[in-house]
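Under this note's numbering, the first residue of the sequence shown is numbered 9, with each subsequent residue one higher. All C-beta atoms, glycine included, are put in the ideal place defined by N, C-alpha and C. Beneath this line is the structure, given in structure tokens, with notes to follow.
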Amino acid sequence: MSGYDALIVGAGYAGAVAARRLAEDGGKKVLVLERRPHVGGNAYDCPNDAGVLIHLYGPHIFHTNDRRVFDYLSRFTKWRRYQHRVIADLPRDGSGGRMTFPVPFNLDSMKAAFGEAEGARLGRKLLDAYPAQSQVTILELRQNPDPEIAAIADYVYEHVFVHYTMKQWGQTPEEIDPATTARVPVRLSGDPRYFLDAYQGMPLEGYAPMFQRMLEHPNITVELGRDALARLELADGTIRLDGEPFTGPVIYTGQADELFNFRFGPLPYRTLDFGFETLERDCFQTHGTVNYTVDGDYTRITEFKHLTGQVLPGVTTIMKEYSRSYAGAEGEIPYYAIISPENNALYAKYKALAEDHPNLHLLGRLAEYKYYNMDAITARALELTDRLI
Ligand code: FAD
Ligand code: UDP
């Protein structure tokens, strides 16, 4: 016998929140197996050699409208006030120079794009066209038959969405799941913030300490550097851990296709390459993230000191993100599920296999093949454990 009541694979948001709840509120002895040498999953952060606190797997900014999620995480961290702002940096049409404007594209971006007076006039026109909305998606805007609004839509499509989306997904905005571009709408206000959620901020000491506190509980054992798949067997509705039947809840937060040895073929993903650069200067850019929406081979540059508020004179670290298709090679990380009817159908076959095991629960961005933010997966982990406790 393993001596554990519950097994959790992965120590990211899904695994860590579930582990804490089962241990604390369910009184269960929980074993967490994590393949990486650290907890936190893709939200993990750490100081680099220059002492700059960096996010190793891409920039993570916490935001939510879900009070329960905010309260739950707030037990394990204090927060730093931070409201993420992003600008686009792109070539100015016809001049050879460059220009910037806020993203999401808003009424101020309109003035930067079309000039003060014309931008203001077009902004009023947009407000009249959508009197009861605070925002509109680019795909919705492109349906508008009014020629002037169609011209705005064309501008935003060309200067914000089409090239960035091609870089990120290798497909146009029409070809990808509409919910993806809807994450970054056209704002019918001058609000320059990337997210408008009621609760936003950065963990005061970083994400890793928040996860460490969450997993610090007498009923939780975390084993790092352990690939659960080397110790698990799934057959005939039974799960075995180290050769012994395991009848308690098993919460698996890794890839669904990998769990079943890619039986129906691999699920498609996008991966990222991160280009970190440490520079001997106080500051590199004006904003936490700058999106290169038209040119360049990377999508965006993030400068971590803006996010973390770290005061470190004379040195800063930036990170460029390059997206490409995931091939499943050694060391590659499947960052984004590619949501489409075809891929969802393939996922459903793996999900059906999982359902043959009554004590197996697929939870998380990988295991559920969804585009979850940190708050959404925290909410999912709270809901699942509500049912299990
Ligand atoms: P993960 O964080 O992927 O954790 C899964 C864990 O399981 C990993 O640690 C993995 O090593 C482990 N694992 C997998 N298989 C095994 C195995 N066989 N054995 C042992 N361990 C295993 N969200 C936001 O809210 N705000 C943001 O600003 C934001 N920015 C993002 C930027 C990027 C570039 C990316 C890719 C994502 C971003 N997200 C953001 C989303 C956020 O990363 C996810 O919502 C969150 O990490 C999901 O947590 P998870 O536990 O489901 O998955
Ligand atoms: N997007 C875009 N231009 C931008 C920002 C976003 O075209 O300047 C599109 C792109 O398709 C991207 C999606 O909107 O994948 C969602 O953007 P978000 O910033 O939410 O992506 P994430 O931070 O999750 O990578």
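Check: Give me whichever residues DSSP pairs with SER333 in a beta bridge.; Outcome: ARG278
Check: How far does the alpha helix (DSSP H) with GLN220 in it extend, from its first residue to its last?; Outcome: 215-223
Check: May I ask whether a heavy atom of the ligand COA can be found less than 7 Å away from the beta carbon of TYR334?; Outcome: This structure does not include the ligand COA; its bound ligands are the ligand FAD and the ligand UDP.
Check: Do SER117 and SER197 come within 8 Å of each other at the CB atom, strictly closer than that value?; Outcome: no
Check: Please report how far the alpha carbon of ASP101 lies from the alpha carbon of LEU361, in whole angstroms.; Outcome: 53 Å
Check: Going along the chain, which residues of its own chain have a beta-carbon closer than 7 Å to the beta-carbon of TYR172, five neighbours each way excluded?; Outcome: ASN299, THR301 and THR307
Check: By the DSSP assignment, the beta strand (DSSP E) with PHE70 in it spans what residues?; Outcome: 70-72
Check: Judging by CA-CA distance, which residue of PRO257, MET222, TYR207 and PRO153 is the nearest neighbour of ARG28?; Outcome: MET222
Check: Tell me where the alpha helix (DSSP H) around VAL25 begins and ends.; Outcome: 21-32
Check: For THR261, which option in GLY35, LYS36, SER10 and VAL40 has the closest C-alpha, if you only look at C-alpha atoms?; Outcome: VAL40
Check: Output yes or no for whether 8 Å exceeds the beta carbon distance between GLU42 and VAL230.; Outcome: yes
Check: Any chance the CB of VAL298 is under 7 Å from a heavy atom of the ligand UDP?; Outcome: no
Check: Could you tell me if ALA284 is buried or exposed, where buried requires 16 or more neighbouring beta carbons within 10 angstroms of its beta carbon?; Outcome: The residue you asked about is not Ala; residue 284 is Phe in the sequence shown. That one is exposed.
Check: Using a Cβ-Cβ cutoff of less than 6 Å, which residues in the same chain neighbour ALA14 once the five nearest sequence positions on both sides are dropped?; Outcome: LEU30, LYS36, VAL38, GLY256 and PRO257
Check: If we ignore side chains and look at the alpha-carbon of each, how far apart do ARG129 and ASN152 end up?; Outcome: 17 Å
Check: Taking 7 Å as the cut-off, does the CB of TYR21 come closer than this to any heavy atom belonging to the ligand FAD?; Outcome: yes
Check: With a Cβ-Cβ cutoff of 8 Å, do PHE219 and ALA356 count as a contact?; Outcome: no
Check: Could I get the ranges of all uninterrupted alpha helix (DSSP H) runs contained in the segment 46-115, with 4 residues as the minimum, in chain order?; Outcome: 75-82
Check: From ASP305 to ALA243, what does the alpha carbon distance come to, in whole angstroms?; Outcome: 45 Å
Check: Which residue wins for smallest C-alpha separation from GLN208, given the options LEU315, GLY233, PHE282 and PHE122?; Outcome: LEU315
Check: For VAL192, which of helix, strand or coil comes out of DSSP?; Outcome: coil
Check: Under a Cβ-count criterion, where at least 16 other Cβ atoms within 10 Å of its own Cβ denotes burial, should PRO186 be classed as buried or exposed?; Outcome: exposed
Check: Going by DSSP, which residues form a beta bridge with ASN299?; Outcome: ALA96 and ARG308
Check: Looking at the secondary structure, which residues open and close the beta strand (DSSP E) in which ARG373 lies?; Outcome: Premise fails: ARG373 is in no beta strand (DSSP E) and is neither H nor E.
Check: At what residues does the beta strand (DSSP E) containing ALA208 begin and finish?; Outcome: The question names Ala, but residue 208 is Gln in the sequence shown. Taken as a continuous stretch (DSSP letters only), the beta strand (DSSP E) holding GLN208 covers 207-211.
Check: State the DSSP-derived secondary structure class of LYS378, mapped to helix, strand or coil.; Outcome: coil
Check: Secondary structure at ILE160, three-state DSSP: helix, strand or coil?; Outcome: helix
Check: Since ARG1 sits in a beta bridge, which residues does DSSP pair it with?; Outcome: The first residue shown for the chain is 9 and the last is 397, placing residue 1 beyond what the model contains.
Check: Near TRP177, which residues of its chain fall below 6 Å by C-beta distance, leaving aside the five closest residues on each side in sequence?; Outcome: ILE184
Check: Taking only the alpha-carbon atoms, compute the straight-line gap between PRO110 and PRO321 and give it to the nearest angstrom.; Outcome: 27 Å
Check: When you compare only the Cα positions, how much space is there between GLY23 and THR386?; Outcome: 9 Å
Check: Just to confirm before moving on: does the CB-CB distance between LYS359 and LEU374 stay below 8 Å?; Outcome: no
Check: Give a single yes or no on whether PHE282 has its beta carbon closer than 7 Å to a heavy atom of the ligand UDP.; Outcome: no
Check: Which residues does DSSP list as the beta-bridge partners of GLN143?; Outcome: ARG195
Check: Indicate, with yes or no, if the ligand FAD has a heavy atom lying under 7 Å from the CB of GLY18.; Outcome: yes
Check: CB of TRP177 to nearest heavy atom of the ligand UDP: below 7 Å?; Outcome: yes
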